[in-house]
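Following numbering that gives the first Met the number 0, the numbering of the sequence shown begins with 0 at its first residue and continues without gaps.
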Amino acid sequence: MDTQLTKSEILTAFVGQERPTAIVQLLRLRHSGTEEVYTGPAQLFLQWNVPARGRAAPRLMLITVADRDWAEGSADDITEAGDVVVEDYLMRIFRVA
């Protein structure tokens with residue numbers, strides 16, 4: 000599998016896009032370990048907060064995988080390594096397809 004995108008790469012790779020496609024890995028976190036839900040190409044739904052003052056850059060607010068068993072995650076849920084952890088799920092984004 001390709002190299003996982005870091006938080007910085009995720010926040011810059013998709014600027015201005017609402018529905019980019021990427022290679023993702025979705026894992027369900029369980030007490031006994033992780034269970035793979037899906038790995039492969041997926042469309043991401045991104046919601047951006049565009050500041051009222053035009054000089055500030057748009058800020059990623061939510062990231063969701065379309066048509067998969069997944070909860071919405073805020074950009075605040077992204078670790079520096081690029082893992083998005085929401086409730087009992089972990090998402091990794093590997094590259095823009």
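The beta-carbon is built from N, C-alpha and C at its ideal position, and this holds for glycine as well. Quantities reported herein were computed from a predicted structural model and do not represent experimental measurements.
Boundaries of the beta strand (DSSP E) in which residue i is found, first to last residue
| i | result |
| --- | --- |
| I77 | Run containing I77: none; DSSP gives neither H nor E here. |
Anticipated Cβ contact below 8 Å, residue i with residue j, distance rounded
| i | j | result |
| --- | --- | --- |
| Q24 | R91 | 4 Å |
| I22 | I77 | That pair is no contact at about 16 Å. |
| V64 | A41 | 5 Å |
| E79 | T11 | Incorrect: roughly 14 Å between the Cβ atoms, too far for contact. |
Best match in the options for proximity to residue i [C-alpha to C-alpha]
| i | options | result |
| --- | --- | --- |
| D66 | S73, E86 and L43 | L43 |
| T2 | G15, H30, D82 and R27 | D82 |
7 Å Cβ shell around residue i - same chain, five flanking residues per side excluded
| i | result |
| --- | --- |
| E34 | L26 and R27 |
| D87 | R27 and L28 |
Sequence-distant residues of its chain with Cβ nearer than 6 Å to residue i (five each side left out)
| i | result |
| --- | --- |
| E17 | L45 |
- Task: Scan the segment 7–31 and note each continuous beta strand (DSSP E) run of 3 residues or more that stays entirely inside, going in chain order.
- Result: 20–29
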